[in-house]
Amino acid sequence: EAGVVQSPRYKIIEKKQPVAFWCNPISGHNTLYWYRQNLGQGPELLIRYENEEAVDDSQLPKDRFSAERLKGVDSTLKIQPAELGDSAVYLCASSVPGQGKGQETQYFGPGTRLLVL
Amino acid sequence: GESVGLHLPTLSVQEGDNSIINCAYSNSASDYFIWYKQESGKGPQFIIDIRSNMDKRQGQRVTVLLNKTVKHLSLQIAATQPGDSAVYFCAENAGGTSYGKLTFGQGTILTVHP
């Protein structure tokens, strides 16, 4: 079974430029997550989708970040314009409903490493 | 500042030894816990999970212990191998309206020497 696929794997841009990340979750996983991981820290949730609906975007900096999951499968995370502090690894994860709410195992992709110069 | 996050706890062991990685969590309402392994340049990889109605769960070479009284979680790795070298994160899920939102701990760097 293929895992979570992300692209690109690396991205270097200048500040104020736009950037987009793409994620294809594990087949059949209706829940999709975007996380940001700063150097030396654990991932922090940005947004969670149940199918095509964003059910938790409270941590997403909406002034410059946007995300979509139009058909409930693939998802795109965009930053416009990027700032120096956005340099991080952007991780996508997916899951299926578990035994109880909040007990779904999340499987992570390899991430996109963003460097903003 | 940002440099605080770079000072991860470290554990250095010899190949074949048992390793114990500890994690303290803060939310007494958390009802689901997961250990992830993250190798350099890769995303976190699921190792083992445990629900709050359990104290112990065993997998292949790994055991997770949960002490809800002191809000402590530990991961035990038996017969540690060089391939176990990675950063290990514990994560908790608070359930309720926060379900689906994993809160990750700081991470521990495990280095296994041949």
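Just so you know, the protein sequences line up as chains D and U, in that order.
Quick note: the first sequence, position 85, residue 1120 per our numbering, numbers continuous.
Quick note: the second sequence, position 77, residue 948 per our numbering, numbers continuous.
Each residue gets a CB set at the ideal place from its N, CA and C atoms; glycine is no exception.
task = Keeping to the same chain, check which residues put their C-beta closer than 6 Å to that of residue 1107(D); ignore five residues upstream and five downstream.
result = 1086 and 1087
ask   = Are the beta-carbon atoms of residue 904(U) and residue 944(U) separated by less than 7 Å?
value = Yes, they are a contact pair.
ask   = Closer than 7 Å, CB to CB, is residue 1111(D) near chain U or not?
value = no
ask   = For a contact meaning CB atoms closer than 7 Å, what does residue 913(U) contact in chain D?
value = 1145
message = For a cutoff of 7 Å on Cβ pairs, would you count residue 1043(D) as touching chain U?
response = no
ask   = With a cut-off of 8 Å, do at least 3 Cβ pairs link the stretch 940-959 of chain U to the stretch 890-897 of chain U?
value = yes
key: Alpha carbon of residue 1102(D) to alpha carbon of residue 924(U), nearest angstrom   = 36 Å
message = What does DSSP give as the partner residue(s) for residue 938(U) in the beta ladder?
response = 943(U)
message = Given this structure, state the Cα-to-Cα distance separating residue 1119(D) from residue 936(U), to the nearest angstrom.
response = 40 Å
ask   = Would you say residue 1149(D) faces chain U, with C-beta separation under 7 Å as the test?
value = No, residue 1149(D) lies away from the interface with chain U (no Cβ there is under 7 Å from its Cβ).
ask   = Taking only beta-carbon atoms, is residue 904(U) less than 7 Å away from chain D?
value = Taking CB atoms only, residue 904(U) has no neighbour in chain D less than 7 Å away.
message = Please state the DSSP three-state secondary structure of residue 1074(D).
response = coil
query = How many angstroms separate the CA atom of residue 940(U) from the CA atom of residue 1043(D)?
reply = 44 Å
ask   = Taking the C-alpha atoms as reference points, what is the distance between residue 1104(D) and residue 1145(D)?
value = 19 Å
query = Applying the criterion that 16 or more other CB atoms from any shown protein chain within 10 Å of the CB defines a buried residue, is residue 1047(D) buried or exposed?
reply = exposed
inquiry  = If you follow the beta strand (DSSP E) that residue 949(U) is in, where does it begin and where does it stop?
reply    = From DSSP, residue 949(U) is part of no beta strand (DSSP E); its letter is neither H nor E.
query = Under three-state DSSP, which class holds residue 879(U)?
reply = coil
ask   = So is residue 1077(D) in contact with chain U if we call contact Cβ pairs under 7 Å?
value = yes
query = If the cut is a Cβ gap below 7 Å, which residues of chain D does residue 879(U) touch?
reply = 1075
key: 3-residue-minimum beta strand (DSSP E) runs that sit fully inside the stretch 1042-1101 of chain D, ordered along the chain   = Listed in chain order, they are 1045-1048, 1054-1059, 1066-1072, 1079-1085 and 1088-1091.
key: Cα-Cα separation, residue 881(U) to residue 1127(D)   = Cα to Cα, the separation comes out at about 27 Å.
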